[in-house]
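Visitor: Numbering (my numbering), first residue to last: 1 to 132.
Glycine included, every Cβ here is placed at the ideal spot set by N, Cα and C.
This structure is a prediction, so every number in the text was calculated from the model and none was measured.
(1) Which ranges would you report for the alpha helix (DSSP H) in the segment 35-121 if only whole runs of at least 4 residues count?
(2) What is the DSSP secondary structure of residue 126, counted as helix, strand or coil?
(3) Taking the C-alpha atoms as reference points, what is the distance between residue 44 and residue 118?
(4) Buried or exposed for residue 80, going by 16 or more other Cβ atoms inside 10 Å?
(5) Quick one: any contact between the segment 26-33 and the segment 48-64, if contact means 3 or more CB pairs under 8 Å?
(6) By how many angstroms is the C-alpha of residue 72 removed from the C-alpha of residue 52?
(7) Tell me, to the nearest whole angstrom, how far the beta carbon of residue 74 is from that of residue 125; I am working on the premise that it is less than 8 Å.
(8) Suppose contacts are defined by Cβ-Cβ distances below 8 Å. Is residue 106 in contact with residue 21 by that definition?
(9) Considering Cα atoms alone, identify which of 19, 109, 102 is closest to residue 77.
(10) State the beta-bridge partners of residue 23 as determined by DSSP.
(11) Identify every residue that forms a DSSP beta bridge with residue 18.
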């Protein structure tokens, strides 16, 4: 399995994502949207960084259960209820990403959402990974 991250010089420099990821492998893992729910199904965290950390932790737990690691992530989509707040807190969110998932960034997008399944949720992450 391999993931080749491509960031062409004729595109703006990527910050916290890769422009393209070429995946070669034999298993695809589709990861359901994860929010800041704990094991009791309760939303944890009252700030975007707290909820982002829990949602990413949950996404990576699902990935690990499938036998993957953060380096196997090919694509992640972030759904945020306040994109302006997400942009303002991007440096802190980037630090959380690096701490939990490392520096191998998947192709990513941030999508503004009016609301998520649970009213208190500010962010949701889903994605897919390619495993050997």
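Guide: Walking through what the data contain:
(1) Within the segment 35-121, the complete alpha helix (DSSP H) runs of at least 4 residues are 48-65, 83-88, 90-101.
(2) strand
(3) 11 Å
(4) buried
(5) yes
(6) Between residue 52 and residue 72, the alpha-carbon positions lie close to 20 Å from each other.
(7) 14 Å between Cβ atoms; not a contact.
(8) yes
(9) 109
(10) 3
(11) 107
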